[in-house]
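Enquirer: This is the structure I have questions about; it appears just below.
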Amino acid sequence: MSHQDRSLFDLARASLDREAQRALAWEGTLAEYLALVEERPQLARNAFQRLSDMLESHGSRPSSERGARRRWKLFDDPFGSGRDAVFGLDGPLDELVATLRAAARGLGPERRVILLHGPVGSAKSTIVRLLKRGLEQYSRTDEGALFTFRWEVDGQRIPSALHQDPLLLLPHAARAQVEARLNAKRRRGPAIRIEGELDPASRWWYAELLARHGGDWAQAMEHVRVQRFVISEEDRVGIGTFQPKDEKNQDSTELTGDIDYRRIAEFGSDSDPRAFNFDGELCVANRGLAEFIEVLKLDVAFLYDLLGATQEHAIKPKKFALTSIDEVILGHTNEPEYRKLATNELMEAFRDRTIKIDVPYNLALSDEVQIYRRQFSSERLPGRSVAPHTLEMAALWAVLTRLEEPTNSSLGIVQKARLYDGQSVQGFGPEHVTELRKAAPREGLFGISPRYVQDRIAAALVSERPTVTAFDVLDSLEAGLTHHSLVSTSD
Ligand SMILES: Nc1ncnc2c1ncn2[C@@H]1O[C@H](COP(=O)(O)OP(=O)(O)OP(=O)(O)O)[C@@H](O)[C@H]1O
Ligand SMILES: [Mg+2]
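In my numbering, the protein residues as written are 27 to 517.
Now the structure itself:
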């Protein structure tokens, strides 16, 4: 049969990998799941361990960047064939990965908000986006499989609202022994720990079913079906994103969830956990990653809720006891926003509970130019052409706005940029770069963002002429500056 004869339906069906689909749909009893975990203890990893293994699964290579050890390949965007790659920034990315790996080993960062901090448009959102895509894709692989459970009672199916780990169903008395067995079998990676409690709704069912079966745990567990699930930002499973809106309008239900008033009638009380919707961002993100955009714009009370959740690995839904969470909490903030709060008392408390990772602009020309080549290379612009050196000029212009004037009078700022790019100029070589960087520690945290340059190149391309030259782009860059509010200096 040729392609022409096949129905579109068959074509769609043939594109699916049956085996993979079947694996994703795995479900079984708690006993079957425990057998699976015993065989592969990695199924019981916590969110930090899974994220850090995901990063390692993409591999790394030695970095050629000053101060960085490794370049982590996830940030080359293996999913979008490089369309969302982060160029340069090997150092900050390595620091981020090292922090996540320490958290996976339980060394402390797992109890902090990890904060990406940098000037506007320095790829903070791009970095988080890659982590999210990475988690989604990893959860579909054999290596990254993860499981949750549902209750089946009286013909109803009640899914674990937070996609909790089925191991939380184990009685406390058994946990230490189970952990020991799993860790004895685990060949590599940090130890597995069974931490946390069932959420209030599951706890309700757990107690109810134990009571129904006269305290027989095994019989109560007959009502449990374990199932594999897949992390998906779109479906709000394992990835939550929070963006502050109107300051007056925030309340903690957005983080945890709210009472479902329609169901109060059914259950008779607003303190019945079955009448609560655990759909706040921190609930949604359980087992995966919670992203907080512009975290410093959060109202103070809110920020404390967030810091508390991070430190305790628990949230406090209205009217209910603390509820365990297992997720990586990652915030980002702009440099201007951060500076505005630098003198605020709140900052002290905040700084103490966060791990800040600076994400600066590129200072190396060859990294910066790749940002523009990706978007404006001639093959991406049918019918138009960009004259040679145009994008290089734009990148140089951008890098120059981010540098401090060298104090050494025999070195000009353009030469400095070339030095930072690994070239040697008039008696200066790579060995001088460390010294120069030390003398100007704020370089990369000010200047003009790639986003602005992208917009101005696009503006130049709108003109009627078929070829855009370096002069057109420089004109466009300069012309835009009069409207640019973020021209800042290194004061
Ligand atoms: N190092 C980089 N590598 C690749 N692209 C970059 C880099 N820095 C910035 N960009 C590009 O600049 C644009 C802005 O990036 P992004 O939105 O990730 O920045 P941001 O730090 O989140 O900005 P904001 O502070 O305004 O939220 C994107 O088009 C991104 O691809
Ligand atoms: Mg952003």
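The beta-carbon is built from N, C-alpha and C at its ideal position, and this holds for glycine as well.
Quick check on DSSP: helix, strand or coil for isoleucine 257?
Expert: DSSP places isoleucine 257 in coil when its eight states are reduced to three.
Enquirer: Determine the closest residue to methionine 247 out of His84, Arg229 and Val256, with distance taken between C-alpha atoms.
Expert: Comparing Cα-Cα distances from methionine 247 to each of His84, Arg229 and Val256, the minimum goes to Arg229.
Enquirer: Going by CA-CA distance only, name the one from Lys366, Pro343 and Ile319 that's closest to threonine 359.
Expert: Nearest of Lys366, Pro343 and Ile319 to threonine 359, Cα basis: Ile319.
Enquirer: State the Cα-Cα distance for the pair lysine 344 and lysine 158, rounded to the nearest angstrom.
Expert: Cα to Cα, the separation comes out at about 29 Å.
Enquirer: Would you tell me roughly how many angstroms separate the C-alpha atoms of glutamate 45 and serine 165, rounded to the nearest one?
Expert: Distance between the alpha carbons of glutamate 45 and serine 165: 15 Å.
Enquirer: Let me know if proline 145 comes out buried or exposed under the rule of 16 or more other beta-carbons within 10 Å of its beta-carbon.
Expert: By the neighbour-count rule (16 or more Cβ atoms within 10 Å), proline 145 is buried.
Enquirer: Run the Cβ filter for me: residues under 7 Å from any heavy atom of ligand 2, listed in the order they occur in the chain.
Expert: So the residues near ligand 2 by this Cβ test are Lys150, Ser151, Ile319 and His358.
Enquirer: Would you mind reading off the limits of the beta strand (DSSP E) that contains glutamate 317?
Expert: Taken as a continuous stretch (DSSP letters only), the beta strand (DSSP E) holding glutamate 317 covers 315–318.
Enquirer: Determine the extent of the beta strand (DSSP E) in which valine 382 is found, giving its start and end residues.
Expert: Going by the sequence as given, residue 382 is lysine instead of valine. Segment 380–384, the beta strand (DSSP E) holding lysine 382.
Enquirer: I'd like the list of long-range same chain contacts for leucine 103, defined as Cβ closer than 7 Å, with 5 residues on each side in sequence excluded.
Expert: It is worth fixing the name first, because residue 103 is aspartate in this sequence and not leucine. Cβ neighbours of aspartate 103 beyond the five flanking positions: Arg109, Asp110, Ala111 and Leu156.
Enquirer: Tell me the DSSP secondary structure of leucine 389 in three-state form.
Expert: In this structure, leucine 389 counts as coil in the three-state DSSP scheme.
Enquirer: Can you tell me whether isoleucine 355 is buried or exposed? The criterion is at least 16 other CB atoms within 10 Å of its CB, across all chains shown.
Expert: So isoleucine 355 counts as buried.
Enquirer: Using 8 Å as the threshold, is the stretch 291–301 in touch with the stretch 131–142, meaning 3 or more CB pairs across them?
Expert: Contact between the stretch 291–301 and the stretch 131–142 is absent, because fewer than three Cβ pairs lie under 8 Å.
Enquirer: Using only the alpha-carbon positions, how far apart do leucine 172 and leucine 69 sit?
Expert: If I take the Cα positions, the gap works out to 6 Å.
Enquirer: Can you determine whether any heavy atom of ligand 1 sits closer than 7 Å to the C-beta of isoleucine 397, and answer yes or no?
Expert: Yes, the Cβ of isoleucine 397 comes within 7 Å of a heavy atom of ligand 1.
Enquirer: Can you tell me whether proline 414 is helix, strand or coil according to DSSP?
Expert: Reduced to three states, the DSSP call for proline 414 is coil.
Enquirer: Quick one: grab the DSSP three-state call for serine 516.
Expert: Because the pLDDT at serine 516 is just 38, under 50, the model does not fix this residue reliably, and the value given afterwards should be weighed accordingly. Of the three classes helix, strand and coil, the one that applies to serine 516 here is coil, per DSSP.
Enquirer: Grab the span of the alpha helix (DSSP H) containing isoleucine 290 for me, first residue to last.
Expert: 287–293 is the extent of the alpha helix (DSSP H) around isoleucine 290.
Enquirer: Write down the C-beta distance between aspartate 79 and glycine 215 rounded to the nearest angstrom, noting that I regard them as a contact closer than 8 Å.
Expert: With a Cβ gap of about 7 Å, aspartate 79 and glycine 215 count as contacting.
Enquirer: Assuming tyrosine 446 contacts alanine 390 (C-beta within less than 8 Å), just tell me the rounded distance between them.
Expert: So it is a contact: roughly 6 Å between Cβ atoms.
Enquirer: Between which two residues does the alpha helix (DSSP H) carrying isoleucine 439 extend?
Expert: Counting along the chain, the alpha helix (DSSP H) containing isoleucine 439 begins and ends at 439–446.
Enquirer: By the three-class DSSP mapping on this structure, what secondary structure does tryptophan 230 have?
Expert: Note: tryptophan 230 maps to helix in three-state DSSP.
Enquirer: Compute the minimum distance between the beta carbon of alanine 420 and the heavy atoms of ligand 1, and state whether it is under 7 Å.
Expert: No; taking the cut-off as 7 Å, the Cβ of alanine 420 has no heavy atom of ligand 1 nearer than that.
Enquirer: Could you check if valine 440 belongs to the surroundings of ligand 1, using beta carbon to heavy atom distance under 7 Å?
Expert: Result no, Cβ not under 7 Å from ligand 1.
Enquirer: Just to confirm my understanding: we take glycine 54, look at its own chain, exclude 5 residues before and 5 after, and list those with CB closer than 6 Å. What are they?
Expert: These residues qualify, in order along the chain: Val252.
Enquirer: Please list, in chain order, all residues of the same chain as tryptophan 423 whose beta carbon is under 7 Å from its beta carbon, the five residues on each side excluded.
Expert: Taken in chain order, the residues that qualify are Leu500 and Leu503.
Enquirer: Any heavy atom of ligand 1 closer than 7 Å to the beta-carbon of arginine 477?
Expert: Under cutoff, so the answer is yes.
Enquirer: Just to check my reading of the structure: isoleucine 220 and threonine 282 have Cβ atoms closer than 8 Å, yes? What is that Cβ distance to the nearest angstrom?
Expert: Isoleucine 220 to threonine 282, Cβ: 23 Å. No contact.
Enquirer: Is asparagine 434 close to ligand 1? I mean its beta-carbon at under 7 Å from any heavy atom of the ligand.
Expert: Flag unset: Cβ of asparagine 434 not near ligand 1.
Enquirer: Could I get the ranges of all uninterrupted alpha helix (DSSP H) runs contained in the stretch 127–215, with 4 residues as the minimum, in chain order?
Expert: Taking only runs of at least 4 residues, the alpha helix (DSSP H) segments lying wholly in the stretch 127–215 are 150–165 and 198–211.
Enquirer: Roughly how many angstroms lie between the CA atoms of leucine 487 and valine 494, to the nearest whole one?
Expert: Straight-line Cα distance between these residues: approximately 6 Å.
Enquirer: Taking serine 297 as the reference, give the member of Gly306, Ile285 and Glu307 with the closest Cα.
Expert: Ranking the options by Cα distance to serine 297, first place goes to Ile285.
Enquirer: Go through its chain and collect everything with a Cβ distance to alanine 40's Cβ below 8 Å, but skip five positions before and after it.
Expert: Once the five neighbours on either side are set aside, the close Cβ partners of alanine 40 are Arg32.
Enquirer: Measure how close the beta-carbons of tyrosine 364 and histidine 143 come, nearest whole angstrom, since I'm counting them as under 8 Å.
Expert: At roughly 6 Å, the Cβ-Cβ gap stays under 8 Å, so tyrosine 364 and histidine 143 are in contact.
Enquirer: Helix, strand or coil for glutamate 223? Go by DSSP, reduced to three states.
Expert: Looking at glutamate 223 - three-state DSSP - the assignment turns out to be coil, as it is neither helix nor strand.
Enquirer: Does the stretch 182–197 touch the stretch 303–315, meaning 3 or more C-beta pairs lie closer than 8 Å?
Expert: The stretch 303–315 vs the stretch 182–197: in contact.
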